[in-house]
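Numbering (my numbering), first residue to last: 4 to 692.
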């Protein structure tokens with residue numbers, strides 16, 4: 004307040020015209036927390052409520068005053084209330100302060116209750132009555148309107164739609180019906196106002212249901228004044244569910260592929276729906292529909308008679324075995340009341356694009372080495388379903404995928420009418436695991452195909468082949484550590500496994516005598532020698548192997564190899580640094596070579612049985628001043644320590660060598676250790692000294 008209000012002053016509140024003020028029940032209550040003490044009386048005159056104070060104190064300037072008026076009825080129409088007026092006055096009605104344009108409020112529509120819109124039939128496409136019911140919250144004037152909005156699927160006939168008031172309502176007078184799109188407007192006349200809480204029922208006639216099964220969408224009901232000012236409304240009256248009508252016809256809703264490969268299931272299988280007259284799927288139908296080939300040559304394969312599931316017949320696996328451009332499928336269900344058949348458009352059966360290779364003729368399962376296969380392979384350029392692409396001239400290349408040998412002949416062949424036919428292919432080496440691979444890199448899917456494994460057998464015995472050479476270094480007078488092995492072979496080097504020819508070995512170059520069993524018969528085409536030796540040392544020994552009956556090569560020879568005479572180590576000594584029983588320590592080994600010690604040679608030191616050798620910790624160290632360079636590894640087996648050289652140079656004959664072995668435990672019993680043994684060998688364990 005700008006100015007004080009006397010203890011007997013007045014507060015005047017003027018409400019806009021559409022508010023209803025009850026003089027019998029309106030009271031004013033001072034808000035808690037104000038200085039509005041004392042009491043007040045309430046007086047009503049027209050739209051003005053006057054609160055007259057008594058028994059209190061002056062309300063000073065700037066006092067915040069709140070007042071609550073009870074039992075005030077809002078306007079019954081929506082929109083702005085208009086502005087309010089507030090005044091303070093003396094007891095003699097002299098105005099103290101005032102605001103004659105207090106901000107207006109906006110009245111919103113009331114909510115109609117118990118709303119329902121219900122077609123008497125919920126079957127798709129049916130024309131019939133629609134029952135509408137609701138309860139007013141605010142009165143409906145005698146010239147008021149009721150607007151009913153139906154969802155877009157309904158068809159409203161302006162020529163035939165009428166509205167009939169329901170029994171037992173006070174819907175007196177008459178009404179006219181207006182239609183604008185989906186809105187039906189009933190305008191009252193000649194009756195009386197319908198009071199609040201009146202239950203209204205209306206029956207709309209000649210309304211056609213949606214022809215599409217499913218939810219109708221929500222309805223809307225609104226009441227207005229004659230001037231179209233909203234009073235009450237419900238804009239989301241519960242939707243109904245339209246159901247399909249009786250099964251009447253069928254329709255192919257998914258057509259088979261327009262072009263499909265012969266003998267292969269259509270990539271797009273047909274789908275047929277059981278429908279009512281409006282095209283809604285009759286979802287409770289389980290009728291069986293039968294497919295057949297109506298036009299075009301060939302046989303329709305697959306499950307032709309299929310029962311509907313939820314009104315839908317879904318085919319799978321249908322195919323036609325012959326090509327052509329005039330294929331038409333026919334679908335039949337004899338019990339339908341309208342359309343008992345439907346057909347697909349004409350479609351084509353043909354091969355697809357080149358996609359992969361297929362070996363249609365396999366090579367002979369067994370063929371002689373070096374001889375053209377008696378049955379040559381044939382490879383087709385195929386589509387993804389295995390049909391020959393007869394317009395393809397792609398080249399296909401053959402190669403040997405598994406098994407040893409070389410594939411000979413014309414390995415790259417261009418297809419003729421989609422078929423690559425080979426001639427003259429052969430393989431030179433025997434085996435049971437030969438597999439040919441065929442390749443065409445430009446194909447979109449499988450660029451290769453292979454044959455099953457097949458066998459190449461040996462040709463006639465033709466020559467000798469030394470398959471295992473004698474040891475490259477051997478001891479004079481001792482059997483070679485590796486004895487030679489000679490094979491009886493066909494012209495391509497394959498062992499002739501049924502040969503038992505005898506082969507004779509002789510010394511072709513180098514001095515000395517070759518001893519042992521020199522003539523040996525082949526077993527399964529293989530001559531295995533044993534006990535061969537040469538008694539004279541030298542570096543150019545070669546053995547010649549002979550079999551005079553062979554048609555091509557009657558001899559073969561070994562590479563040159565060496566015969567070494569075993570030398571004697573001199574100045575040998577093995578000496579533990581401690582000779583106390585059970586002590587673990589180092590052992591010094593020294594000796595002088597007679598023959599050279601190879602860069603990859605070995606030194607073997609053999610201890611008596613009382614010593615304990617630690618294979619995890621023993622090492623060998625070359626003594627200073629020797630030429631024992633490179634590195635060495637140590638292995639322990641039983642009582643033998645083997646030192647294997649690597650990465651160094653050969654130690655020449657007459658050189659002195661010293662080694663130190665670590666972590667060797669003396670015998671625990673006092674007395675003689677027993678003798679030691681020292682030996683040098685080649686890498687193949689042939690003794691040198």
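Glycine included, C-beta positions come from ideal geometry on N, C-alpha and C.
Here the structure is a predicted model, which is why all the values come from computation and not from measurement.
- Taking the Cα of residue 113 as reference, the smallest distance to any Cα among 187, 296, 58, 236 is reached at 236.
- The C-alpha of residue 495 is placed about 22 Å away from the C-alpha of residue 507.
- Between the stretch 523-543 and the stretch 577-588, the count of C-beta pairs closer than 8 Å stays below three; the two stretches do not touch.
- Taking the Cα positions, residue 206 is about 27 Å away from residue 81.
- When C-beta atoms of the stretch 250-261 are compared with those of the stretch 342-350, three or more pairs fall below 8 Å, so the two segments count as touching.
- DSSP places residue 239 in the strand class (E or B) of the three-state scheme.
- If you draw a 10 Å sphere on the C-beta of residue 677, you find fewer than 16 other C-beta atoms in it, and that means exposed.
- Between residue 153 and residue 226, the beta carbon gap of about 17 Å keeps them out of contact (Cβ cut-off 8 Å).
- Shown here for residue 486: same chain residues with a beta carbon closer than 8 Å to its own, the five before and five after excluded, namely 471, 473, 531, 532, 533, 534, 535 in chain order.
- In the DSSP assignment, residue 543 forms no beta bridge with any residue.
- Take the alpha-carbon of residue 395 and the one of residue 422: they are about 8 Å apart.
- Within 10 angstroms of the beta-carbon of residue 416 lie 16 or more other beta-carbons, which makes it buried.
- Collapsing the DSSP output to three states places residue 249 in coil.
- Inter-residue distance for residue 270 and residue 264 is about 9 Å (C-alpha atoms, whole angstroms).
- Counting only the Cα atoms, residue 442 lies some 11 Å from residue 404.
- Going by C-alpha positions, residue 228 is about 19 Å away from residue 136.
- In summary, residue 283 is buried, with 16 or more beta-carbon neighbours lying within 10 Å of its beta-carbon over all protein chains present.
- Around the C-beta of residue 54, 16 or more other C-beta atoms lie within 10 Å, and the residue is accordingly described as buried.
- In this chain, the beta strand (DSSP E) harbouring residue 459 covers 457-460.
- Cβ neighbours of residue 368 within its own chain (closer than 6 Å, five residues either side excluded): 457.
- Relative to residue 435, the option among 414, 419, 461, 672 whose CA is nearest is 461.
- Straight-line measurement puts the Cα of residue 298 at about 32 Å from the Cα of residue 363.
- Counting only the Cα atoms, residue 390 lies some 9 Å from residue 361.
- Residue pairing of residue 145 in beta bridges, as defined by DSSP: absent, with no partner found.
- At the C-beta level, residue 589 and residue 663 come within 8 Å of one another.
- Spatial neighbours of residue 144 in its own chain (CB-CB distance under 7 Å, excluding positions within 5 residues in sequence) are listed in chain order as 196, 228, 229.
- In the same chain as residue 546, and ignoring 5 residues on each side of it, the C-beta atoms closer than 6 Å to its own belong to 508, 561, in chain order.
- Inside the stretch 244-300, DSSP marks whole beta strand (DSSP E) runs of 3 or more residues at positions 252-257, 274-278, 291-298, from first to last along the chain.
- Residue environment analysis places residue 566 among the buried positions, since at least 16 neighbouring C-beta atoms fall within 10 angstroms of its C-beta.
- If you check the CB distance, residue 39 and residue 78 do not come in under 8 Å.
- By the neighbour-count criterion, in which a residue is buried when 16 or more other Cβ atoms sit within 10 angstroms of its Cβ, residue 20 is exposed.
- A distance below 7 Å between beta-carbons, with the five flanking residues on each side excluded, links residue 239 to the following residues of its chain, in chain order: 221.
- For residue 363, the enclosing beta strand (DSSP E) covers residues 359-364.
- Under DSSP, residue 579 forms a beta bridge with 590.
- In terms of CA proximity to residue 505, 551 leads the group 551, 517, 484.
- If you draw a 10 Å sphere on the C-beta of residue 378, you find fewer than 16 other C-beta atoms in it, and that means exposed.
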